[in-house]
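Working notes, beginning with the structure itself.
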Amino acid sequence: MELAIIASGATDIGQKRKSNQDSICLYAKRHFFVVADGMGGHNGGDIASQMSVKLLPDFIENNVDTLRAKDLLKESIIHVNQSIYDHSLQHEELKGMGTTISAIYFDGPNVNIANVGDSRTYLISKNKIYQLTRDHSLVQEKLTMGLYDREGAKADPQKNVLIRTVGYEPELIVDVYQYKVARNDLFLICSDGLHGKVSDEDILHLVNKHIPEPALADQSTLDQTVQALIDQANENGGQDNISAIIALAK
């Protein structure tokens, strides 16, 4: 089954930040999409996320004929991790910089999903929303250990502490998943500036409101939906940079 992929994405500074350390990549030629949320002083976060969205598609393009899709996605992020880490060693003021990466790469009937950090990839299908990635955060570790529930997690002062980022250390474990795509499946990649301010239920509601029939959705529909999600995050406070990409299989 040959699927067409249409996609839209945007990034927004939000209401409180002085700069936007998020970066996004929509590499339509290879159906490859990335959200990166950078962190670090002296513009380190900007640099780390921008390096990610520049180097990842280059690596994909240069190695697409030699690696299987799932391995290609994983190795591309390992390559970027080393590049960012090496850059920080050469510039003392950038030491400790890093970025989250959540990326999806469509290959035939499958989508390959990679994640490091707390940016997320969701699947919205048949009026349900599923979080496909697992946050690499201290809060998620506490949730996994059963120390509190999701309501308790919202009040944790360490809720923004990450335990895994791209570029912070020379070695990196990348979570990679593979999912069989069905027609009209919609994938949302977003930074915590979105999912931290708009609940999964509200994300689902907004997507269903703007895309009631995925089979009829076009580029303009996706553009409007992405903007509606960003607008809602800003309306809910917009304390962080906000990024979102929607990719729809048709």
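Numbering-wise (the working numbering), the sequence shown opens with residue 69 and increments by one.
C-beta: ideal position from N, C-alpha, C; glycine also.
Does the beta-carbon distance from residue i to residue j come in below 7 angstroms?
| i | j | result |
| --- | --- | --- |
| ARG188 | CYS258 | yes |
| LYS277 | ALA72 | no |
| ASP90 | ASN309 | yes |
| ASP243 | ASN178 | no |
| ILE146 | VAL275 | no |
| LEU256 | ALA285 | no |
| VAL266 | ALA78 | no |
| ILE74 | GLN292 | no |
| HIS273 | ILE231 | no |
Let me make sure I understand the geometry here. Which of the options has the alpha-carbon closest to that of residue i?
| i | options | result |
| --- | --- | --- |
| GLN246 | ALA283, ILE181, LEU256 | ILE181 |
| HIS110 | SER156, ASN178, LYS97 | SER156 |
| ALA250 | GLY176, ASP291, GLN287 | GLY176 |
| GLU269 | SER288, ILE128, LEU297 | LEU297 |
| ILE271 | GLN199, LEU206, PRO238, GLY305 | GLN199 |
| GLU239 | GLY113, ASP299, SER151 | SER151 |
| GLU237 | LEU162, ASP253, LEU290 | LEU162 |
| ILE128 | ARG98, GLY112, THR289 | ARG98 |
| GLY112 | ASN131, LEU135, ASN130, THR167 | THR167 |
Mind checking residue i: buried by the 16 CB within 10 Å criterion, or exposed?
| i | result |
| --- | --- |
| PRO282 | buried |
| VAL229 | exposed |
| ALA301 | buried |
| ASP80 | buried |
| GLY305 | exposed |
| ASP253 | buried |
| LEU215 | exposed |
In whole angstroms, what is the alpha-carbon distance linking residue i and residue j?
| i | j | result |
| --- | --- | --- |
| LYS93 | SER76 | What sits at residue 93 in the sequence shown is Cys, not Lys. Taking the straight line from one Cα to the other gives about 10 angstroms. |
| VAL121 | GLY235 | 13 angstroms |
| GLU70 | LYS194 | 20 angstroms |
| ILE197 | HIS159 | 42 angstroms |
| ARG85 | GLY108 | 14 angstroms |
| PHE100 | PRO125 | 8 angstroms |
| MET165 | ASN149 | 11 angstroms |
| GLN83 | ASP299 | 11 angstroms |
| ALA137 | TYR190 | 20 angstroms |
| ALA96 | GLY185 | 24 angstroms |
| ILE241 | ASP133 | 24 angstroms |
| LEU123 | ASN130 | 11 angstroms |
| LEU206 | LEU135 | 33 angstroms |
| LYS248 | THR289 | 24 angstroms |
| ILE279 | THR233 | 33 angstroms |
Can you confirm whether residue i, when its beta carbon is compared against all beta carbons of chain C, has any partner nearer than 7 angstroms?
| i | result |
| --- | --- |
| PRO238 | Included in the structure is just one protein chain, with no chain C present. |
Let me check you understand the geometry: is the CB of residue i closer than 6 angstroms to at least one non-hydrogen atom of the ligand GTP?
| i | result |
| --- | --- |
| ASP175 | Of the ligands one can find in the structure shown there are none, so the ligand GTP has no counterpart to examine. |
I want to know whether the region 208-216 touches the region 141-150 - three or more CB-CB distances under 8 angstroms. no
Would you say the region 97-105 touches the region 166-175, given that touching needs at least three Cβ pairs under 8 angstroms? yes
Using 8 angstroms as the Cβ pair cut-off and three pairs as the minimum, do the region 111-121 and the region 82-100 touch? yes
With contact counted as at least three CB pairs below 8 angstroms, one residue from each stretch, are the region 299-316 and the region 260-267 in contact? yes
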